[in-house]
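In this note's numbering, the protein residues as written are 19 to 407.
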C-alpha cells in the first residue's frame, strides 16, 4: 500500500502498489495527483505520550512539537529492511522495533544527523498546508463514539451545521413552493414547468449536495453533521450533484419503476416474480451505488463490476447496512402516516404545522442519518473496498 499526501491540499491518500505512476483525483480537492513510487508518509509514536503521528518522509530528522503533550523531539528515520546495508548506526541506536503494518524498522536518528538547536521550520506552502491539516485533525472527531452506535447515529444531525442546514432547507421548501404556486396560477402549463425547474435548481439540488457532504465527512470519521456554508459550490455544481443521485436511482431502481408504470398505464397484469426480482435488485444495489457515486465524485462509480466486487468483499457488513438504510425509511413512513392521521382531525393550521413542517423535518433528519450510515460504512471498510478514492 502506497500512502502519500495530495500536493494541493495535503489530504492523505492510499493507493495499491500496482498503481504506481498512475493518475487519479484527490477525493477532497478534486485535483489530479500521481501515485509515487513509494510511500511518502511515515507513522511513529510520540516518545512521551505514545500518540500516533503522521508526517512526510522528508521531515525525518527535524525537531517537532507533539500536538498532544507539547514536548519537543526528533522525528525518527524509517528505513526499509536491507536499505541500510552500507551504513552501521548500531552504536547510535537505542532500540529497534518492527512496524507490522508497513514491514519497516523504526530507529532513532543517529547523533550526527540530529538538528542541534534548529527550531522547527515550515519551508514551503505545501508543508504549511500539511501542518494545518495535522492541527485540524486534533480538533476533529477521531471516529470513536462516546455513546453506543445505535443511539449515536440518531444524534448525527444534532449539531450546529446539521440543525442550521435543516432550517435553511425548510425555508427553501416554503419559498420554492410559494414561487411554484404563484407561477402555476399565472400560467398553468409554463408556470408548472418553471416551478418544477425552480424546485430542482434551488431546493432538491441543495438537499442532495448537503447529503453528499454528509457522506464524505462521515467517510473521514465525522460523527456530526458538518458546517459547510462557507464552502458552498455554485448552483451548477449543486445541480450536477442532484443529477448524479438521480442517475444512481435510474440505474438501480429505475427498472422496477419503469415496469410498474408500464403495467399501470397499459392495464397489463403485473408479474409478481418480475416485479420482486427488479425490486430486490434495485434496493440491494442502491445504497452501494450512492456511496460509489459520492466517493468517486462521478457516475463512473456505477460501473457494474465495481459495485459487484465491492459488495462481494464486504457482503455481510453490507447486508447489515442495507437493513439499517431501509429501516430508516420504514421508520419515517410510519411517523409520516401517524402525523397525517392526527392532522386530518385538526384545522388547516394544524395540518400546516404537522404535515408540512414536521414531516419535512423528519424527512431531512432521516436523510442526514442515511448519509452518515453510508459514509461510516466507507470509513470502517475502506481497506476492503479498495476504491483508491
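Just so you know, even glycine gets a beta-carbon here, dropped at the ideal spot from N, CA and C.
As the structure is a prediction and not an experimental result, all values here were calculated from the model.
Cutoff 7 Å; reference residue i; Cβ partners in own chain excluding five residues on either side
{"i": "residue 261", "result": "none"}
{"i": "residue 57", "result": "20, 21, 22"}
{"i": "residue 305", "result": "339, 340, 343, 392"}
{"i": "residue 221", "result": "190, 191, 194"}
{"i": "residue 358", "result": "373"}
Buried or exposed (CB count within 10 angstroms, at least 16 for buried), residue i
{"i": "residue 166", "result": "exposed"}
{"i": "residue 394", "result": "buried"}
{"i": "residue 179", "result": "buried"}
{"i": "residue 231", "result": "buried"}
{"i": "residue 164", "result": "exposed"}
{"i": "residue 98", "result": "Any reading at residue 98 is ruled out, since the residue's pLDDT is 45, under 50, leaving its predicted position unreliable."}
{"i": "residue 270", "result": "buried"}
{"i": "residue 181", "result": "exposed"}
{"i": "residue 189", "result": "exposed"}
{"i": "residue 108", "result": "Residue placement at residue 108 is poorly supported in this model, since its pLDDT is 36, which falls under 50; the coordinates still yield a value, given next. When all chains shown are included, residue 108 counts as exposed."}
{"i": "residue 198", "result": "buried"}
{"i": "residue 33", "result": "buried"}
Continuous beta strand (DSSP E) stretch holding residue i: start and end
{"i": "residue 54", "result": "Looking at the DSSP string, residue 54 is not in any beta strand (DSSP E), and its letter there is neither H nor E."}
{"i": "residue 91", "result": "90 to 92"}
{"i": "residue 223", "result": "Unbroken run through residue 223 is the alpha helix (DSSP H), 223 to 237; no beta strand (DSSP E)."}
{"i": "residue 172", "result": "Here residue 172 belongs to no beta strand (DSSP E), and DSSP marks it neither H nor E."}
{"i": "residue 21", "result": "20 to 23"}
{"i": "residue 31", "result": "30 to 33"}
{"i": "residue 82", "result": "81 to 83"}
Residues near residue i by beta carbon distance below 6 Å, same chain, minus five either side
{"i": "residue 401", "result": "none"}
{"i": "residue 175", "result": "243, 383, 386"}
{"i": "residue 223", "result": "256, 257, 260"}
{"i": "residue 336", "result": "329"}
{"i": "residue 137", "result": "The predicted position of residue 137 is uncertain, since its pLDDT is 44 and thus under 50; a value taken from the coordinates is nonetheless stated next. Nothing meets the Cβ criterion."}
Sequence-distant residues of its chain with Cβ nearer than 8 Å to residue i (five each side left out)
{"i": "residue 313", "result": "45, 233, 234, 237, 319, 396, 405, 407"}
{"i": "residue 63", "result": "69, 70, 71"}
{"i": "residue 265", "result": "311, 317, 320"}
Residue i, enclosing alpha helix (DSSP H) - first and last residue
{"i": "residue 268", "result": "253 to 270"}
{"i": "residue 71", "result": "No alpha helix (DSSP H) holds residue 71; the beta strand (DSSP E) holding it covers 70 to 74."}
{"i": "residue 323", "result": "322 to 331"}
{"i": "residue 300", "result": "290 to 314"}
{"i": "residue 393", "result": "377 to 403"}
Rounded separation between residue i and residue j - CA only
{"i": "residue 133", "j": "residue 60", "result": "Low per-residue confidence applies at residue 133: pLDDT is 40, beneath 50, and the placement is therefore not dependable, though the value from the model is reported in the following sentence. If you take the alpha carbons of residue 133 and residue 60, they lie about 19 Å apart."}
{"i": "residue 310", "j": "residue 325", "result": "8 Å"}
{"i": "residue 245", "j": "residue 226", "result": "15 Å"}
{"i": "residue 388", "j": "residue 172", "result": "10 Å"}
{"i": "residue 354", "j": "residue 380", "result": "8 Å"}
{"i": "residue 184", "j": "residue 191", "result": "10 Å"}
{"i": "residue 100", "j": "residue 327", "result": "In this prediction, residue 100 scores a pLDDT of 41, lower than 50, which makes its location untrustworthy; the coordinate-derived value is nonetheless stated afterwards. Taking the straight line from one Cα to the other gives about 36 Å."}
{"i": "residue 339", "j": "residue 89", "result": "42 Å"}
{"i": "residue 293", "j": "residue 302", "result": "14 Å"}
{"i": "residue 273", "j": "residue 53", "result": "39 Å"}
{"i": "residue 390", "j": "residue 229", "result": "9 Å"}
Any C-beta of chain C under 8 Å from that of residue i
{"i": "residue 257", "result": "Going by chain labels, chain C is absent from the structure shown, which holds only one protein chain."}
Exercise. Would you call the region 42 to 61 and the region 22 to 32 touching, i.e. three or more CB-CB distances under 8 Å?
Worked result: yes
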